[in-house]
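Numbering-wise (full-length UniProt numbering), the sequence shown opens with residue 1 and increments by one.
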Amino acid sequence: MKGFFGKLLRINLTDKSYAVEGIPESILKKYLGGKGLGSYLLLNNVSAGVDPLSSDNKLIFTTGPATGTLVPGSSRYGLYAKSPQTGLYAESYAGGRVAPAIRATGYDAIIIEGAASSPAYLEINDKEVLFHDAGQLWGTQTYAAEDALLAAAGRKDAQAVVIGPAGEKLVAFACVENNYWRSAGRTGMGAVMGSKKLKGIVFYGDAKSQAADPELLKEAVGRIREKAKDNPGVKAYQTYGTPVMVGTMNAAKAFPTRYWSDGSYDRWQEINGDAHQQRFKVKARSCPSCFLACAKDTVVTEGEYKDLRIEGPEYETIYSFGGLCCIHRLDEILYLNDICDRLGMDTITAGNLAGLVIEAGKGGRLDYKLEYGDAGGVARLLEDMALRRGIGEELARGIKYFSEKYGLQDIAVHVKGLEPPGYDPRKLKGMGLAFATSTRGACHLRATFYKPELAGMIDPSTTDGKAELFIQFENRLTIFNTFILCVFFRDLYQWEDLIPLIKALTGWEYTRQELEEVANNIVTLTRQFNAREGATKQQDTLPPKLFNEPINEGRNIITREELQILVDDYYRLRGWDDQGYPMA
Numbered sequence: 001m002k003g004f005f006g007k008l009l010r011i012n013l014t015d016k017s018y019a020v021e022g023i024p025e026s027i028l029k030k031y032l033g034g035k036g037l038g039s040y041l042l043l044n045n046v047s048a049g050v051d052p053l054s055s056d057n058k059l060i061f062t063t064g065p066a067t068g069t070l071v072p073g074s075s076r077y078g079l080y081a082k083s084p085q086t087g088l089y090a091e092s093y094a095g096g097r098v099a100p101a102i103r104a105t106g107y108d109a110i111i112i113e114g115a116a117s118s119p120a121y122l123e124i125n126d127k128e129v130l131f132h133d134a135g136q137l138w139g140t141q142t143y144a145a146e147d148a149l150l151a152a153a154g155r156k157d158a159q160a161v162v163i164g165p166a167g168e169k170l171v172a173f174a175c176v177e178n179n180y181w182r183s184a185g186r187t188g189m190g191a192v193m194g195s196k197k198l199k200g201i202v203f204y205g206d207a208k209s210q211a212a213d214p215e216l217l218k219e220a221v222g223r224i225r226e227k228a229k230d231n232p233g234v235k236a237y238q239t240y241g242t243p244v245m246v247g248t249m250n251a252a253k254a255f256p257t258r259y260w261s262d263g264s265y266d267r268w269q270e271i272n273g274d275a276h277q278q279r280f281k282v283k284a285r286s287c288p289s290c291f292l293a294c295a296k297d298t299v300v301t302e303g304e305y306k307d308l309r310i311e312g313p314e315y316e317t318i319y320s321f322g323g324l325c326c327i328h329r330l331d332e333i334l335y336l337n338d339i340c341d342r343l344g345m346d347t348i349t350a351g352n353l354a355g356l357v358i359e360a361g362k363g364g365r366l367d368y369k370l371e372y373g374d375a376g377g378v379a380r381l382l383e384d385m386a387l388r389r390g391i392g393e394e395l396a397r398g399i400k401y402f403s404e405k406y407g408l409q410d411i412a413v414h415v416k417g418l419e420p421p422g423y424d425p426r427k428l429k430g431m432g433l434a435f436a437t438s439t440r441g442a443c444h445l446r447a448t449f450y451k452p453e454l455a456g457m458i459d460p461s462t463t464d465g466k467a468e469l470f471i472q473f474e475n476r477l478t479i480f481n482t483f484i485l486c487v488f489f490r491d492l493y494q495w496e497d498l499i500p501l502i503k504a505l506t507g508w509e510y511t512r513q514e515l516e517e518v519a520n521n522i523v524t525l526t527r528q529f530n531a532r533e534g535a536t537k538q539q540d541t542l543p544p545k546l547f548n549e550p551i552n553e554g555r556n557i558i559t560r561e562e563l564q565i566l567v568d569d570y571y572r573l574r575g576w577d578d579q580g581y582p583m584a
């Protein structure tokens, strides 16, 4: 078999055992790797109704057929589980240098099941799995934990993933971290690791999968690199990284501000890409086999946070702390970013929760004093969340629990328990469809549909024909997540680029229609997982605040009727029934 190893590694932490299993070629042809394989394994290995924090939940790692090759944008791994944050299907992805190391172990997927009796970490290579005691590391922050695991491995090619105190304490939105600043950030994968008392995993090996047609692969990669020359999107990523979106979203008046109360921030120029470049020492950094260099190694050179170094901040972190919490100093946003990375928490959720606390407190609905713009107060709240102190104990359970406990459902912004990223659906209505129908909760990455709405490919305010275009984007990016490719390459890898790439890697020939069927099968499979867990059409919606409160001086709103049109069209085009259930 080309492009794959055809092997699955199953590790049981309870009895410290492991076994290698074959993956049928028919399954790989039907679902490919990455998201397709991970979702298939999740549905078939996790029983209905499992407690996400019990030993019966599984944590599944996957790579794709492009991982470890010279294919640009291919240095990403996927994680799949039942989410402790939503109780539904969970997926999360991270870049950096870990994915090629996972690939070098010689497995297309790794399933971790059971739970250790005491803190442990794993060492996985192409020959064996080693179980190690992590008692001395339990309680350490992520940077120190990663350093310790890599030092113990003693190999230059080793890479590690770890959790921080938030994961250990089962915070519902805890991350899995690697290379200090890269995060499998959404849906609470760090809490799943914490529930298994698994502090981290070290990967290395010498396994290599073979491409079916190396010459065709070389040609396909060459075409992508040629397309990238003088591409304005590529130049923007290389220069600014994702902070370039701060200006774009404020110009579009779709930048969530003051906890989802407006669509632009009057101090956005103090937290945008230009301010980032001008105020700090910034150096571009790339993942392996990538020329976008969107990551920005940032060092604060003066002031209270002098010498603070992180990779970032990303747009989503700027939106969540800068926009939602109205913090207009970038060095303070960097500081909050660093706290989340060290403790191992998702910055999107953390910033949203902080914004909700501020808004509820100012409205007299929560007895907690925190003001917009108070970075120090937000920092203390973040630490309370991670360590489950005071109000942090309730916030650590997630926004759905917290808002129900304090009667804040009318203002709490989330879908299925997951807070949205920084694209307001009252202005970009296609993002309303994206948030409402995503099986993992409010998500922008499975279709990045803000792109066609911002680029003028379709009117942001319309509902007519939008579901059809949305599915085209979602299908193509679903195939991205089987390779696994970075979604920032969405403008470079069109269908005509993906088809020869798959043939070069695997030898399998697909038409565009056949690949779209593969994508539809994968999306449907994730929907089946949620349906089995009790999800209904009523959950494919937006929070009341987004229906009830217009933004931009009352000019922009999305109505329930508009969203229903989008959702119904989406169901029909996916081949599901009118309740959103996949038909046999």
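The beta-carbon is built from N, C-alpha and C at its ideal position, and this holds for glycine as well. No experiment lies behind these values; they were computed from the predicted model shown.
Reduced DSSP secondary structure (H/G/I, E/B, other) of residue i
i	result
D384	helix
S320	helix
L88	coil
S461	coil
L9	strand
D108	coil
Y335	helix
Q539	helix
Q159	strand
I551	strand
S17	strand
R182	strand
Y240	coil
K82	strand
G233	helix
G22	strand
Span of the beta strand (DSSP E) around residue i
i	result
residue 586	No information on residue 586 is available, as it lies outside the stretch 1 to 584 that the chain covers here.
V282	281 to 285
L198	198 to 203
A120	120 to 124
L130	129 to 133
E311	309 to 311
Outcome for residue i when other beta-carbon atoms lying within 10 angstroms are tallied against a minimum of 16
i	result
P214	exposed
K127	exposed
R225	exposed
K196	buried
residue 624	A question about residue 624 goes unanswered here, because the residues of the chain that appear run from 1 up to 584.
K369	exposed
P84	buried
V20	exposed
Minimum C-alpha distance to residue i - residue among the options
i	options	result
A412	A455, H444, E359, D459	E359
A375	L217, A94, I348, C325	C325
Y237	P288, V162, C294, I23	C294
F61	N231, P421, A109	A109
L53	I27, G190, P256, M583	G190
K208	I102, S289, A148	I102
E304	R285, L334, H276, G390	L334
R279	R329, I318, Q513, D266	R329
A531	R440, I502, G222	R440
K16	R182, G73, S261, S118	S118
N231	E561, G580, D491, A275	D491
V192	Y204, G185, L573, L170	L170
T69	L308, L546, F483	F483
K82	L43, N250, R555, P65	L43
P256	L356, I11, G222, P313	L356
Contact belief for residue i with residue j at Cβ below 8 Å, rounded distance in angstroms
i	j	result
Y570	L433	6 Å
residue 586	N520	Outside the shown range of the chain (1 to 584) lies residue 586, about which nothing can therefore be said.
T541	A436	5 Å
E404	T349	That belief does not hold up - the Cβ atoms of E404 and T349 are roughly 16 Å apart, past 8 Å.
E316	K296	Not a contact, Cβ separation roughly 14 Å.
G36	T63	With 8 Å as the limit, G36 and T63 do not qualify as a contact, their Cβ atoms being about 12 Å apart.
A504	A220	5 Å
E562	K427	Not quite, the Cβ-Cβ distance comes to about 13 Å (not below 8 Å), so this is no contact.
V487	L445	6 Å
I27	L122	I27 to L122, Cβ: 25 Å. No contact.
Segment limits, alpha helix (DSSP H) that includes residue i
i	result
F480	466 to 483
L501	495 to 506
K400	399 to 405
L566	560 to 574
residue 589	With the chain running from 1 to 584 in the structure shown, residue 589 is simply not present.
F529	512 to 532
K218	214 to 228
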